[in-house]
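These notes concern the structure reproduced below.
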Amino acid sequence: MSKLSTKPYILRALYEWALDSGYTPHIVAWVNDKTCVPRQYVRDNEIVLNIGAVAAHNLNIDNEWVSFAARFNGVSHDIWIPVGHVISLFARETGEGMGFEVEPLSDDDNAAIAEVDETVEPEIAAESKAAKDSAQSGGKKGLKIVK
Numbered sequence: 048m049s050k051l052s053t054k055p056y057i058l059r060a061l062y063e064w065a066l067d068s069g070y071t072p073h074i075v076a077w078v079n080d081k082t083c084v085p086r087q088y089v090r091d092n093e094i095v096l097n098i099g100a101v102a103a104h105n106l107n108i109d110n111e112w113v114s115f116a117a118r119f120n121g122v123s124h125d126i127w128i129p130v131g132h133v134i135s136l137f138a139r140e141t142g143e144g145m146g147f148e149v150e151p152l153s154d155d156d157n158a159a160i161a162e163v164d165e166t167v168e169p170e171i172a173a174e175s176k177a178a179k180d181s182a183q184s185g186g187k188k189g190l191k192i193v194k
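Last residue of the sequence shown: 194 (the numbering used here), numbering continuous.
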């Protein structure tokens, strides 16, 4: 049996904490060809997304994926982010949250993404090493760690 990651459990807990506190939860995700997000909102291979109840419809944070539907300029998009690509989850109002190491999906994980692969936009095929290293450095400046 493979070891389960604690990351999805922590993400779900932080999400609940933000909602219970009256805050708007946001995530920062590292974007590559395994991530399905509107590419025009990606900066330096990262995207910031509001995952609050009003903005993210049918949000699901399971052990492998963060998925939901969201509108960008009135156009609905299905969002699929590997849990390993989440850099941080934070409350917009306070900046409190937690940063995480990026765990890129390997080519061995292709079976896990078979269902989503058809919807992933292939625009970001070339990743710069600098952007990847930046994403792996642990998140945004000013992020407060929840204790």
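Think of the CB as a built atom: it goes at the ideal place given N, C-alpha and C, for glycine as much as any other residue.
*For Pro-72, which beta-bridge partners are listed by DSSP?*
Ala-138
*Nearest chain D C-beta to Val-89 closer than 9 Å, yes or no?*
The structure shown contains no chain D; it is built from a single protein chain.
*Could you check what DSSP says for Gly-146 in three-state terms: helix, strand or coil?*
strand
*asked:* Measuring alpha carbon to alpha carbon, tell me which residue in Pro-129, Phe-137, Arg-139 is nearest Asp-80.
replied: Pro-129
_For Ile-108, which residues in the same chain have their Cβ closer than 7 Å to its Cβ, ignoring the five residues on either side in sequence?_
Pro-55, Leu-58, Arg-59, Tyr-62
*From the DSSP output, read off the bridge partner residues of Glu-93.*
Trp-77, Arg-90
*Within this structure, are the beta carbons of Ser-114 and Val-75 separated by less than 9 Å?*
no
*asked:* Quick check: the Cα distance between His-73 and Gly-99, rounded to an integer number of angstroms?
replied: 7 Å
*Can you round the beta-carbon distance between Ile-94 and Val-84 to whole angstroms, since I take them to be within the 8 Å contact cut?*
5 Å
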